[in-house]
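Note that the sequence shown covers residues 130 to 419 in the numbering used here.
Below: one structure, written as structure tokens.
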Amino acid sequence: MRLASTVDARLVVVTGDRLVDVTDALGLAAGPGVGPGGPLLALLERGDAAEALAALDLDALPSAPSADGARLAAPLARPGKVVGAPVNYVDHKVEMHEQRTIADYGVFLKASSSVIGPGEDIRLPYRDVRTDQEGELGVVIGRTASRVPAERALDHVFGYVPLLDITVRSGEDRSTRKSFDTFTPIGPWVTTADEVGDPGALRLRCWVGDELRQDVSTGELIFDVAQLVAYASHVMTLHPGDVIASGTPAGVGPIAAGQRVAVEIERLGRLEVGVTDDGAIAYADRPGAR
């Protein structure tokens, strides 16, 4: 099942070329009443998502052609947390001239306020500092996970989603350089784990404009999805709706205003966003600079 959120906070199932509105059938409050995380987060936090979705009769629910203009938002507008995995592909380690990997660095956090959805724009914060694209597999937690072993970790995964981890190449800590507003595009929908199968057998590709920059199998991850969930849950309790950005392969490069950035993952769909430098400042003019 592919689950998306619309800009007016309706939860829809994407099936073929139609969007089936399941908001009312699942007893979710539409609009502002659903909360800042959006309807999918509200469903996951309720604790009965799998059972409630399995009980739906999609043929009996209202639907509309997906081309009718119902714009999709980020499927999880404000996750509880976004957990990042640095240097989790060997080819990216080589590309970045790194001596260490995620096994040495551990994980980091991105601000949940950095999330945007399909069709929105990444806003470059600085005119004179390089900002890069990083295409990644996003992992959505469905059940609370605390110190779970790797062999049971996938039981806590609700689904998967294409994700972009945008990064400023400045000197601050990773969490700062990756947490600017708009720096975590997610979407266009979350595909449930039962439909995806093996998360280590997905082709991931990322384009900037017409240039294919990244092309890899998720089988090349250093910490695979099960290991990532196990490791992260050893550090912090993972709650339903939390997102893990699993790391990026080689092919990271600069983005510029006016470009389009797209990440496409086999069986998960294609996420595309724009880039703007509206409001960008010189790095030397940032607050607190000396």
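Where a beta carbon is used, it is the ideal one built from N, C-alpha and C, also for glycine.
In this text, all values refer to a predicted model and were calculated from it rather than measured experimentally.
Bridge-paired residues (DSSP) for residue i
| i | result |
| --- | --- |
| residue 134 | 140 and 202 |
| residue 336 | 341 and 391 |
| residue 239 | 211 |
| residue 258 | DSSP lists no partner for residue 258. |
| residue 274 | 367 |
| residue 291 | 266 |
| residue 417 | According to DSSP, residue 417 bridges with nothing at all. |
| residue 346 | 332 |
Straight-line gap, residue i to residue j (C-alpha atoms, nearest Å)
| i | j | result |
| --- | --- | --- |
| residue 305 | residue 180 | 38 angstroms |
| residue 266 | residue 258 | 26 angstroms |
| residue 200 | residue 419 | 43 angstroms |
| residue 400 | residue 413 | 33 angstroms |
| residue 335 | residue 380 | 9 angstroms |
| residue 456 | residue 390 | In the structure displayed, the chain extends from 130 to 419; residue 456 sits before or after that span and is not available. |
| residue 158 | residue 168 | 8 angstroms |
| residue 135 | residue 387 | 25 angstroms |
| residue 228 | residue 361 | 22 angstroms |
| residue 252 | residue 189 | 41 angstroms |
| residue 217 | residue 230 | 6 angstroms |
| residue 235 | residue 365 | 12 angstroms |
| residue 219 | residue 367 | 26 angstroms |
| residue 241 | residue 415 | 22 angstroms |
| residue 346 | residue 338 | 21 angstroms |
| residue 352 | residue 184 | 35 angstroms |
| residue 279 | residue 363 | 11 angstroms |
| residue 237 | residue 139 | 31 angstroms |
| residue 342 | residue 383 | 11 angstroms |
| residue 402 | residue 417 | 31 angstroms |
| residue 224 | residue 211 | 24 angstroms |
| residue 300 | residue 153 | 47 angstroms |
| residue 344 | residue 307 | 22 angstroms |
| residue 392 | residue 177 | 30 angstroms |
| residue 274 | residue 202 | 27 angstroms |
| residue 340 | residue 331 | 20 angstroms |
Rounded distance between the beta-carbons of residue j and residue i, thought under 8 angstroms
| i | j | result |
| --- | --- | --- |
| residue 239 | residue 213 | 5 angstroms |
| residue 317 | residue 133 | 6 angstroms |
| residue 319 | residue 354 | About 14 angstroms; that fails the 8 angstroms criterion. |
| residue 255 | residue 411 | 7 angstroms |
| residue 147 | residue 194 | 6 angstroms |
| residue 209 | residue 371 | 5 angstroms |
| residue 187 | residue 172 | With a Cβ gap of about 15 angstroms, residue 187 and residue 172 do not count as contacting. |
| residue 288 | residue 322 | 5 angstroms |
Beta-carbon proximity of residue i to residue j, cut-off 8 angstroms
| i | j | result |
| --- | --- | --- |
| residue 284 | residue 276 | no |
| residue 404 | residue 261 | no |
| residue 151 | residue 143 | no |
| residue 329 | residue 348 | yes |
| residue 359 | residue 282 | yes |
| residue 313 | residue 375 | no |
| residue 397 | residue 373 | no |
| residue 333 | residue 394 | yes |
| residue 294 | residue 377 | yes |
| residue 247 | residue 206 | no |
| residue 286 | residue 268 | yes |
| residue 130 | residue 182 | yes |
| residue 292 | residue 315 | yes |
| residue 149 | residue 192 | yes |
- Of all the alpha helix (DSSP H) runs that stay within the bounds of the stretch 168-192, which reach a length of 4 or more residues? Whole alpha helix (DSSP H) segments, 4+ residues: 168-175 and 178-183.
- Query: Curious, which full-length beta strand (DSSP E) runs of at least 3 residues does the stretch 297-321 contain?
  - Reply: Qualifying beta strand (DSSP E) stretches, in chain order: 319-321.
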